[in-house]
Ligand code: SF4
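Numbering (my numbering), first residue to last: 183 to 618.
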């Protein structure tokens with residue numbers, strides 16, 4: 183059993199899908215992005231963002247809007263195609279693309295033929311080398327034509343937003359999708375050739391208790407998900423006004439959330455899943471499990487990944503691009519994004535240059551979260567020490583020969599320990615989700 187130490191979980195911390203985090207972004211522009219792009223060489227991955235969904239879930243913290251106006255969708259896709267050409271034309275000759283991820287929103291909020299057109303545009307604009315293609319999908323809008331297109335394009339990896347199989351909790355979070363619908367979606371994706379299928383599940387949902395969480399975990403394992411991401415609900419209605427529809431009085435408290443995380447972890451391991459990072463699980467043989475076991479796990483804006491590319495280029499409104507020396511985000515509002523693309527301007531709006539100190543600390547944070555241990559120099563360790571001391575005192579980690587090693591009890595505290603190496607947290611008042 184993990185020790186429950188609420189004082190070490192009290193401060194909300196980032197999920198560290200990048201370092202520095204998006205909270206540190208300031209104004210940035212086309213010149214910053216293009217200078218970073220010009221230095222890209224070797225493996226480059228692509229991320230394509232579709233910020234639309236047919237139905238908006240109440241808990242959602244993503245940048246997404248309702249896909250209910252055909253004209254709006256069509257002009258967004260036109261702009262996205264233009265950005266693909268703009269970036270592809272500029273990419274240096276030494277770059278090669280081995281991973282492409284489609285996310286959102288829900289990529290399957292667009293018509294299947296539009297998805298084919300996007301893949302065609304990427305094929306023409308970028309040097310693709312037999313890329314692994316992954317897609318986030320909403321099972322409620324996964325149709326037979328979508329299955330055909332995914333099979334035709336050769337999508338190997340897919341992620342379904344499941345969250346819970348419990349009908350009453352589905353009502354309480356504004357996402358109703360009967361188990362038969364998930365079964366059908368799973369079957370379709372397998373027939374389409376998807377070999378690595380992820381289910382997102384959540385704990386800390388309104389009205390959820392241990393039994394209801396575990397029954398969803400059981401169902402996910404029974405349906406054969408290759409990967410499961412088990413997240414705690416981040417309920418921050420001040421940041422995400424749509425969450426005001428959720429009854430805050432029905433949410434489990436911190437101790438219950440902690441117990442749910444532990445119970446979900448135990449149950450998934452008992453079903454043969456391997457632990458990946460602090461909140462992912464994968465069946466042995468899945469590329470994510472192999473990456474975790476071989477020390478080749480990474481973390482980027484898509485979460486834990488086996489993708490080692492040092493450059494990820496994000497395209498679409500709000501998409502984030504990561505380079506060794508900088509992180510840049512496109513304009514978030516789809517309307518302004520379209521206008522900038524229409525004017526022939528790359529839509530970079532925010533970002534941060536990564537100095538040498540950022541890169542050093544970023545490596546430490548990534549290693550802590552991916553591998554539960556990190557080598558570091560004396561300066562980085564000393565700087566972290568005042569905030570790290572309580573975790574050392576609680577025997578959640580120790581330092582041996584300049585290496586920080588987390589103990590087996592430290593999993594729920596991993597983000598908190600990583601945050602000790604993030605000096606931006608000392609002055610930032612930005613709100614994050616709770617550590618568990
Ligand atoms: S389907 Fe996913 S992205 Fe769309 S509203 Fe629901 S949670 Fe958000």
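Using N, Cα and C, we set each Cβ at its ideal position, and we do this for glycine too.
- The three-state secondary structure of residue 487, taken from DSSP, is strand.
- For the 9 Å CB-CB criterion, residue 542 and residue 567 do not form a contact.
- Measuring C-alpha to C-alpha distances from residue 242 to each of 360, 529, 345, 375 identifies 345 as the nearest.
- If you check the C-beta of residue 316 against the ligand SF4, you find no heavy atom less than 8 Å away.
- A residue is called buried once 16 or more other Cβ atoms fall within 10 Å of its Cβ, and residue 200 is buried on that count.
- When Cβ pairs closer than 8 Å are counted between the two stretches, the stretch 480-491 is seen to touch the stretch 216-227, the count reaching three or more.
- Between residue 386 and residue 439, the gap from beta carbon to beta carbon is short of 9 Å.
- In this model, residue 188 and residue 430 are separated by some 20 Å (Cα to Cα).
- DSSP places residue 379 in the strand class (E or B) of the three-state scheme.
- Here residue 384 has 345, 413, 415 as same chain residues with Cβ atoms under 6 Å from its own Cβ, once five neighbours each way along the sequence are excluded.
- According to the DSSP assignment, residue 522 belongs to the alpha helix (DSSP H) that extends over 516-524.
- Nearest Cα to residue 538 within the set 527, 506, 512, 550: 506.
- Beta-bridge partners assigned by DSSP to residue 497: 230.
- Put simply, the backbone Cα of residue 602 is about 18 Å away from that of residue 459.
- Uninterrupted beta strand (DSSP E) stretches at least 3 residues long and entirely within the stretch 233-279 do not occur.
- Assigned with DSSP and collapsed to three states, residue 420 falls in coil, not helix or strand.
- Contact annotation: residue 248 and residue 238 have beta-carbon atoms nearer than 9 Å.
- Residue 418 has its alpha-carbon roughly 11 Å from the corresponding atom of residue 428.
- Distance from the C-beta of residue 357 to the nearest heavy atom of the ligand SF4 is below 8 Å.
- Annotation: the continuous beta strand (DSSP E) that includes residue 503 extends over 502-505.
- Fewer than three beta-carbon pairs drawn from the stretch 285-304 and the stretch 346-354 are found closer than 8 Å, and the two stretches are therefore not classed as touching.
- Distance from the CA of residue 615 to the CA of residue 314, rounded to the nearest whole angstrom, comes to 31 Å.
- With contacts defined by Cβ atoms closer than 9 Å, residue 203 and residue 606 form a contacting pair.
- With a 10 Å radius around the Cβ and a threshold of 16 neighbouring Cβ atoms, residue 476 comes out exposed.
- Nearest to residue 565 by alpha-carbon distance, out of 494, 309, 608, 423, is 608.
- Residue environment: residue 321 is assigned as buried (16 or more neighbouring CB atoms within 10 Å of its CB, all protein chains considered).
- In chain order, 383, 385, 395, 396, 399, 412 place their CB closer than 8 Å to the CB of residue 446, counting only its own chain and leaving out the 5 sequence neighbours on each side.
- When the five nearest sequence neighbours on each side are left out, the beta carbons in the same chain lying within less than 7 Å of the beta carbon of residue 378 are those of 338, 339, 408, 409, 468, 469, in order along the chain.
- Residue 332 and residue 273 do not touch by the CB rule: their CB atoms are close to 26 Å apart, not below 8 Å.
- In the DSSP assignment, residue 538 falls outside any beta strand (DSSP E) and lies within the alpha helix (DSSP H) extending over 538-553.
- The alpha-carbon separation between residue 525 and residue 285 amounts to approximately 25 Å.
- Taking 8 Å as the cut-off, one finds at least one heavy atom of the ligand SF4 near enough to the beta carbon of residue 242.
- For residue 447, the enclosing alpha helix (DSSP H) begins and ends at 436-452.
- Counting C-beta atoms within 10 angstroms of its own C-beta, residue 402 has 16 or more neighbours from the protein chains shown and is therefore classed as buried.
- At the C-beta level, residue 579 and residue 479 stay beyond 9 Å of one another.
- In the three-state reduction of the DSSP assignment, residue 351 falls in the helix class, which pools H, G and I.
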